[in-house]
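Engineer:
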Amino acid sequence: MFFVNRICGVNLRLNKTFTNFIMSCPEIEPELFKSISTASSDRPVLIDVRSSEEYQNDKVENSFNIPYDTIKEAFLMDSVAFEKIYGFSQPSKDTEVILFCTVGIRSMKACQSAISIGFNNVKNLKGGIKACQ
């Protein structure tokens, strides 16, 4: 653990691993995400990492669903099985992928998982879809 000097009059104690985790996930701003998600071509792969139920109740246009706790397994599986299960082509490790959830916490975890297995062009939507409203 280490301390961050006083912020707003409060001493903060952060877990160093958690801090490194946050900093290692590139983010995309909500304004850019909104324009990308409605673009007709040259769009990155948009993956909603919320639960299937959340996804069905509030789909983001042009997105696919892979729950955050299965992203690593999904990205490591055979491409034929991936397409059969998820309904779209498995992204390569160089494909631009944007992960998102409600407020960005689950997508940050999913982003870290993807990076840990070699995906080098994956980004997290800063603040999640709530930041886009």
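Heads up, the numbering used here is the position in the sequence shown plus 57, with the first residue counted as 1. Beta carbons: idealized from backbone N, C-alpha and C, even for Gly.
Name the one or two DSSP bridge partners that residue 103 has.
Structural biologist: One-based indexing of the sequence shown puts residue 103 at position 46. Answer is 120, 155.
Engineer: Compare the beta carbon distance of residue 90 and residue 157 with 9 angstroms and say whether it is the shorter of the two.
Structural biologist: As a first step, residue 90 must be located in the sequence shown, where it is residue number 33. As a first step, residue 157 must be located in the sequence shown, where it is residue number 100. Their beta carbons are under 9 angstroms apart, which means residue 90 touches residue 157 by this criterion.
Engineer: Express the C-alpha separation of residue 173 and residue 83 in angstroms, rounding to a whole number.
Structural biologist: For the purposes of this step, residue 83 is taken as residue 26 along the sequence shown, with counting starting at 1. For the purposes of this step, residue 173 is taken as residue 116 along the sequence shown, with counting starting at 1. Rounded to the nearest angstrom, the two C-alpha atoms are 13 angstroms apart.
Engineer: Identify, in the order they occur along the chain, each residue of the same chain with its Cβ nearer than 6 angstroms to the Cβ of residue 188, setting aside the five sequence neighbours on each side.
Structural biologist: The residue you call residue 188 lines up with position 131 of the sequence shown. 87.
Engineer: Report the three-state DSSP secondary structure of residue 85 (helix, strand or coil).
Structural biologist: Here the question's residue 85 lines up with position 28 in the sequence shown. Reduced to three states, the DSSP call for residue 85 is strand.
Engineer: Have a look at residue 186 and residue 92 and give me their C-alpha separation to the nearest angstrom.
Structural biologist: Translated into positions along the sequence shown, residue 186 becomes position 129. Translated into positions along the sequence shown, residue 92 becomes position 35. Whole-angstrom Cα-Cα distance: 13 angstroms.
Engineer: Thinking C-alpha only, which one of 119, 143, 118, 120 is nearest residue 130?
Structural biologist: Within the sequence shown, the letter at position 73 stands for residue 130. For residue 130, the nearest C-alpha among the options comes from 143.
Engineer: Within a Cβ cutoff of 6 angstroms, which residues of the same chain sit near residue 145, ignoring the five residues on either side of it in sequence?
Structural biologist: One-based indexing of the sequence shown puts residue 145 at position 88. Excluding sequence neighbours, residue 145 sits near 121.
Engineer: The beta strand (DSSP E) that contains residue 180, what's its start and end?
Structural biologist: To locate residue 180, count along the sequence shown from 1; it is residue 123. Its beta strand (DSSP E) spans residues 179-182.
Engineer: Under DSSP, the alpha helix (DSSP H) around residue 145 begins and ends at which residues?
Structural biologist: For the purposes of this step, residue 145 is taken as residue 88 along the sequence shown, with counting starting at 1. Careful: residue 145 lies outside any alpha helix (DSSP H) and carries neither H nor E.
Engineer: Got a sec, what are the start and stop residues for the alpha helix (DSSP H) residue 109 sits in?
Structural biologist: In the sequence shown, residue 109 corresponds to position 52, counting from 1. Here the alpha helix (DSSP H) through residue 109 covers 109-114.
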